[in-house]
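Okay, so the sequence shown: first residue is 21 according to the numbering used here, each after it adds one. Reviewing the structure listed below.
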Amino acid sequence: MKKDLDWSSLGFGYIATDYRYSSKFKDGAWDEGQLITDSMITLSECAGVFQYAQTIFEGLKAYSTKDGHIVCFRPDLNAARMADSAKRLEMPVFPEDRFIDAVCQVVKANQDWVPPYGSGATLYIRPYMMGTNPVIGVKPANEYEFRVFATPVGPYFKGGAKPIVIKVSDFDRAAPHGTGHIKAGLNYAMSLHAIVTAHDEGFAENMYLDPESRTKVEETGGANFIFITKDGTLVTPKSDSILPSITRRSIMYVAEHYLGMKVEHRPVYFDEVKDFAECGLCGTAAVISPVGRIVNHDTVIDIPAGMEEMGPVTKKLYDTLTGIQMGSIEAPEGWIKKIC
Ligand SMILES: *Cc1c(COP(=O)(O)O)cnc(C)c1O
């Protein structure tokens with residue numbers, strides 16, 4: 021039986037669900053892994069995760085479809101990206117097929133927590149991995165735990181019809197060189213000061229510029245940017261130091277193959293932003309959230325389409341993407357993993 025939650029008023033927060041998955045790596049091998057009920061983790065005070073921040077994560081969602089199934093969206097890409105993150109932080113790769121299996125097990129075991137179709141909420145799934153044994157010299161741990169938990173979530177950006185106003189951050193995101201494209205705690209730790217500063221000043225998020233020249237648009241705290249030109253082209257920043265968003269890659273495909281749009285994946289200069297007709301933030305958590313205003317000190321850029329509601333092109337992209345995710349629009353081969 022579905023849990024008794026007020027699904028449509030959920031925010032983006034953590035609610036402990038009944039089951040999570042755990043697998044441990046020791047003596048060079050992963051154990052069998054299992055579903056467990058304990059949400060707590062007890063570790064050595066000297067564990068690698070606490071000392072040298074050896075921790076990585078992923079984020080994806082499970083959806084209730086129109087016809088009563090539960091599915092998730094392109095989990096193979098999350099598995100592959102987590103493998104990349106693990107390699108970059110000298111952690112063992114959790115096999116990609118086992119990653120998908122673990123995600124499916126957690127969703128199935130917690131199916132009463134999957135928000136119903138049409139509620140506007142979804143089940144957010146958080147796979148993560150950390151170094152667990154004591155490490156005092158600077159080196160990677162040799163024991164790890166891979167976990168997956170799930171929590172029901174509502175929209176990432178609250179406020180209903182309120183436009184999303186962001187600022188150009190005065191801080192560099194400061195992802196250590198070469199880590200911008202992995203999903204790891206260290207990149208987020210270095211962004212927390214910037215996000216708290218932005219929130220304190222009344223902004224919903226930051227627009228980060230490239231730290232070298234501060235002329236190019238990178239991404240926001242946890243989402244990539246998409247822009248729509250006045251003649252309806254989708255433009256999205258290309259950079260080696262932003263996270264390769266699965267949502268963004270999917271939107272690029274949907275724009276081209278479902279909506280027949282022109283798609284440009286290229287460096288985007290901040291100077292161009294004032295000329296775009298629409299601007300959105302895209303990611304698993306943000307889905308596609310329209311941006312209404314971008315502030316850079318004395319310069320205020322209003323994106324007319326984002327002030328009251330989503331711009332028309334953003335709306336088409338949103339409806340097509342979420343239609344694919346929730347089963348009302350046929351998905352490209354291999355995009356939807358049916359769980360139950
Ligand atoms: C997760 C994340 C995104 C969005 O990626 P998705 O795969 O679409 O969820 C964008 N930027 C950063 C920094 C992220 O961590």
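Glycine included, every Cβ here is placed at the ideal spot set by N, Cα and C.
Hey, would you say residue 165 sits closer than 7 Å to residue 153, going by beta carbons? Counting from one through the sequence shown, the residue named residue 165 turns up at place 145. Counting from one through the sequence shown, the residue named residue 153 turns up at place 133. Going by C-beta atoms, residue 165 is not nearer than 7 Å to residue 153.
Whole-angstrom distance between residue 199 and residue 183, CA atom to CA atom = Residue numbering aside, residue 183 sits at position 163 when the sequence shown is read from its first letter. Residue numbering aside, residue 199 sits at position 179 when the sequence shown is read from its first letter. Just so you know, the alpha carbons of residue 183 and residue 199 end up roughly 31 Å apart.
task = Take residue 61 as the anchor and find which of 201, 167, 289, 239 has the nearest alpha-carbon.
result = As a first step, residue 61 must be located in the sequence shown, where it is residue number 41. Considering only alpha carbons, the answer is 167.
- Item | Extent of the continuous beta strand (DSSP E) run through residue 228 | Looking up residue 228 in the sequence shown gives position 208. It is not in any beta strand (DSSP E) - residue 228 carries neither H nor E in the DSSP assignment.
Original post:
Less than 6 Å between the CB of residue 165 and some heavy atom of ligand 1, yes or no?
Top reply: Working through the sequence shown from its first residue, we reach residue 165 at position 145. The nearest non-hydrogen atom of ligand 1 is 6 Å or more from the C-beta of residue 165.
Whole runs of the beta strand (DSSP E) within the stretch 75 to 125, excluding any shorter than 3 residues = Listed in chain order, they are 75 to 77, 80 to 84, 90 to 93.
Would you identify the three-state DSSP class for residue 72, choosing helix, strand or coil?
One-based indexing of the sequence shown puts residue 72 at position 52. For residue 72, the three-state secondary structure derived from DSSP is helix.
- prompt: Taking just the CA atoms, how far does residue 33 sit from residue 196?
  reply: For the purposes of this step, residue 196 is taken as residue 176 along the sequence shown, with counting starting at 1. For the purposes of this step, residue 33 is taken as residue 13 along the sequence shown, with counting starting at 1. Pairing residue 196 with residue 33, the inter-Cα distance amounts to about 28 Å.
- Task: Compute every distance between the C-beta of residue 261 and the non-hydrogen atoms of ligand 1, then say whether any falls below 6 Å.
- Result: Counting from 1 along the sequence shown, the entry for residue 261 is found at position 241. Residue 261 has its Cβ no nearer than 6 Å to any heavy atom of ligand 1.
Would a C-beta distance cut-off of 7 Å place residue 76 and residue 105 closer than the cut-off? Looking up residue 76 in the sequence shown gives position 56. Looking up residue 105 in the sequence shown gives position 85. In this structure, residue 76 lies near residue 105, with their beta-carbon atoms less than 7 Å apart.
Roughly how far, in whole angstroms, is the beta-carbon of residue 126 from the beta-carbon of residue 41, given that I think they are within contact range, below 8 Å? For the purposes of this step, residue 126 is taken as residue 106 along the sequence shown, with counting starting at 1. For the purposes of this step, residue 41 is taken as residue 21 along the sequence shown, with counting starting at 1. Contact flag correct, Cβ pair sits at about 5 Å.
Notebook entry, point to check: Exposed or buried, what is residue 157 when buried is set at 16 or more other beta-carbons lying within 10 Å of its beta-carbon?
Noted result: Along the sequence shown, one-based indexing puts residue 157 at 137. So residue 157 ends up on the exposed side.
Exercise for the section: Can you grab the Cα-Cα spacing for the pair residue 244 / residue 50, in whole Å? Expected result: Residue numbering aside, residue 244 sits at position 224 when the sequence shown is read from its first letter. Residue numbering aside, residue 50 sits at position 30 when the sequence shown is read from its first letter. A direct Cα-Cα distance of roughly 33 Å separates residue 244 from residue 50.
_Please give the ranges of any beta strand (DSSP E) in the stretch 289 to 345, keeping only runs that are unbroken, at least 3 residues long and fully inside the region._
Counting whole runs of 3 or more residues, the stretch 289 to 345 contains the beta strand (DSSP E) stretches 298 to 303, 307 to 316, 319 to 322.
To the nearest whole angstrom, what separates the beta carbons of residue 173 and residue 229, a pair I think is in contact under 8 Å?
Indexing the sequence shown from 1 puts residue 173 at position 153. Indexing the sequence shown from 1 puts residue 229 at position 209. No, residue 173 and residue 229 are not in contact; Cβ-Cβ is about 29 Å, not under 8 Å.
Check your understanding: Would you say residue 171 reaches chain D, if we count a Cβ-Cβ gap shorter than 7 Å as a contact?
Key -> Annotation note: the requested chain D is absent from the structure, which comprises a single protein chain.
How would you write the range of the beta strand (DSSP E) that residue 244 sits in, first residue to last? As a first step, residue 244 is located in the sequence shown; it is residue number 224 there, counting from the start. 244 to 248 is the span of the beta strand (DSSP E), which, as asked, contains residue 244.
Give the range of the alpha helix (DSSP H) segment to which residue 270 is assigned.
Your numbering for residue 270 matches position 250 in the sequence shown. Start and end: 266 to 277.
Discussion item. In this structure, how does DSSP classify residue 28 when only helix, strand and coil are distinguished?
Written reply: In the sequence shown, the residue the question calls residue 28 occupies position 8. Of the three classes helix, strand and coil, the one that applies to residue 28 here is helix, per DSSP.
- Which value, in whole angstroms, describes the spacing of the CA atoms of residue 346 and residue 64? Taking the first residue of the sequence shown as 1, we reach residue 346 at position 326. Taking the first residue of the sequence shown as 1, we reach residue 64 at position 44. So the alpha carbons of these two residues sit roughly 42 Å apart.
So, residue 281 versus residue 254, is the Cβ gap smaller than 7 Å?
-> As a first step, residue 281 is located in the sequence shown; it is residue number 261 there, counting from the start. As a first step, residue 254 is located in the sequence shown; it is residue number 234 there, counting from the start. Against a cut-off of 7 Å, the Cβ pair of residue 254 and residue 281 comes out as a contact.
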